[in-house]
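To keep things clear, I will list the structure first and then write my remarks on it.
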Amino acid sequence: GKHLLTLMDLTTDEVMDILDLAIDLKEKQKKGESHHILKGKTLGMIFEKSSTRTRVSFEVGMYQLGGHALFLSRDDIQIGRGETVEDTAKVLSRYVDGIMIRAYSHESVEELAANSSVPVINGLTDDYHPCQALADLMTLYEEKGTLSGKKLAYVGDGNNVAHSLILACAKTGVNCSVATPKGYEPKAVIVEKAKEIAKETGATIEVTHHAQEAVANADAVYTDVWTSMGWEEEEAVRLEAFQPYQVNSELLSHADQEAIFLHCLPAKRGEEVTAEVIDGPQSFVFEEAENRLHVQKAIMVALMQE
Ligand code: CP
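Counting in full-length UniProt numbering, the sequence shown runs from 10 upward without gaps.
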């Protein structure tokens, strides 16, 4: 079967089809129209790390499509006690119609997909977060009516969320400017890959160390957390390095007047973004979180429908 491990697994047309289907499914859900497209199907969801949005949106999404989702915490299945990823993939493929996995290592998700006869969906690895990027694009698309030629600025840590956003922008013709502190840039191989993809869509991809320059005239300004649980030792160093990259009203004033603010959440108000911005009129972060549900339903339909 076909998998979604990174945005590189989808063509531009496939991305746009998923976004259009997501908007259609969102409308159906709002109108209360039943859309049991995956009736009788089961999604296995493996989580090595905690999650609010990914877990709940996949589980509710599968329910709304007429199917069923199984939550499999790493500690509750044998993979946590040393059963191989290969055997886990082969066994789960006999029971479920699709697997969603959140894992630390991207390689282990690739190994799962290589040994799975059902579609595998990446629900975040250390390198990528494709479902998030598709929900982000959906939000921009809904608010601006088009993607190609728009500008998105990503300010902060060049992490997994940034990687998938850069690739998603390249695929859909969105000009992408990334501003990070020195030493926190997105991986060069991923930026190069995005630039290669962008040649086909006409998008520009640039990485700078100047937040204001990246944000200039942007249609969307995006950030993500600087510090996470488990990074306590690094925290002080990071807070200092990232301080000039906070998305506050001053920085946002350099974007287009009608620019939207996006954040994958969870957020830390007062660190990467001020409360004034994330809770202000330009913020679409909760619409964006809702769109995880609709876009993932579209992804599951695209991959799992017979
Ligand atoms: N944005 C996101 O993936 O949220 P969770 O970690 O809560 O799933």
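Idealized CB from N, CA, C, for every residue including glycine. Keep in mind that this is a model prediction, so the values were computed, not measured.
query: Roughly how many whole angstroms lie between the Cα atoms of ASP166 and HIS218?; result: 11 Å
query: Would you list the residues sitting across from HIS272 in a DSSP beta bridge?; result: THR232
query: What residue from HIS303, LEU161 and VAL310 has the CA that sits closest to GLN38's CA?; result: HIS303
query: Under 7 Å: does the beta carbon of ARG62 sit that close to some heavy atom of the ligand CP?; result: yes
query: What first and last residue would you give for the alpha helix (DSSP H) that runs through SER173?; result: 169-181
query: Excluding the 5 residues flanking residue 365 on each side, which residues of the same chain have their C-beta closer than 7 Å to its C-beta?; result: Beyond the ends of the chain as shown, which are 10 and 315, falls residue 365; an answer cannot be given.
query: Any heavy atom of the ligand CP closer than 7 Å to the Cβ of GLN141?; result: yes
query: If the criterion is Cβ atoms closer than 8 Å, does the pair ASN131 and GLU95 meet it?; result: no
query: What first and last residue would you give for the beta strand (DSSP E) that runs through ALA78?; result: 77-82
query: Are the CB atoms of VAL310 and LEU30 nearer to each other than 8 Å?; result: yes
query: Considering PHE56, what are the terminal residues of the beta strand (DSSP E) in which it resides?; result: 51-56
query: Assuming ALA112 is part of the alpha helix (DSSP H), what are its boundary residues?; result: Element bounds for ALA112: n/a, residue is neither H nor E.
query: Quick check: the stretch 238-258 against the stretch 185-200, are at least 3 beta-carbon pairs closer than 8 Å?; result: yes
query: Taking 7 Å as the cut-off, is the beta-carbon of LEU274 closer than that to any non-hydrogen atom of the ligand CP?; result: yes
query: Three or more beta-carbon pairs under 8 Å between the stretch 160-179 and the stretch 193-206, yes or no?; result: yes
query: Do TYR231 and ASP288 come within 8 Å of each other at the CB atom, strictly closer than that value?; result: no
query: Please work out which residues of its chain come closer than 7 Å, Cβ to Cβ, to GLU119, disregarding the five sequence neighbours upstream and downstream, and give them in chain order.; result: LEU14
query: Tell me, to the nearest whole angstrom, how far the beta carbon of PHE293 is from that of ILE269; I am working on the premise that it is less than 8 Å.; result: 5 Å
query: May I have the straight-line CA-CA distance separating ASP18 from MET238, to the nearest angstrom?; result: 30 Å
query: Quick one: residues in its chain with C-beta nearer than 7 Å to the C-beta of GLN221, no 5 flanking neighbours on either side, listed in chain order?; result: LEU260 and HIS263
query: I believe LEU81 touches ILE55 by the beta-carbon criterion, under 8 Å. Please report the beta-carbon distance rounded to the nearest angstrom.; result: 5 Å
query: Pick out whichever of SER114, ASP106, ALA122 and GLU281 has its Cα sitting closest to the Cα of HIS12.; result: ALA122
query: Within 7 Å: the Cβ of LEU133 and any heavy atom of the ligand CP?; result: yes
query: Need the endpoints of the beta strand (DSSP E) that ASN131 sits in, please.; result: 129-131
query: Looking only at its chain, what residues have a beta carbon closer than 7 Å to the beta carbon of PRO128, apart from the 5 residues adjacent to it on each side?; result: GLY10, LYS11, HIS12, GLY107, LEU312 and MET313
query: Measure the alpha-carbon distance for VAL282 versus PHE67 and round it to whole angstroms.; result: 27 Å
query: Below 8 Å between beta carbons: does that hold for VAL216 and ASN257?; result: no
query: For ALA245, count neighbouring Cβ atoms within 10 angstroms of its own Cβ and tell me buried if that reaches 16, exposed if not.; result: exposed
query: Considering only the alpha carbon of each residue, which of GLY53, TRP235 and ALA284 lies closest to MET109?; result: GLY53
query: Compare the C-alpha of THR236 against each of LEU274, LYS50, THR213 and GLU267 and name the closest.; result: LEU274
query: So, VAL187 versus TYR254, is the Cβ gap smaller than 8 Å?; result: no
query: Give every residue of the same chain whose Cβ lies closer than 8 Å to the Cβ of ALA276, excluding the five residues on either side of it in the sequence, and list them in chain order.; result: VAL234, VAL282, ILE287 and VAL294
query: Could you pull the DSSP bridge partners for ALA162 from this structure?; result: SER186 and VAL230
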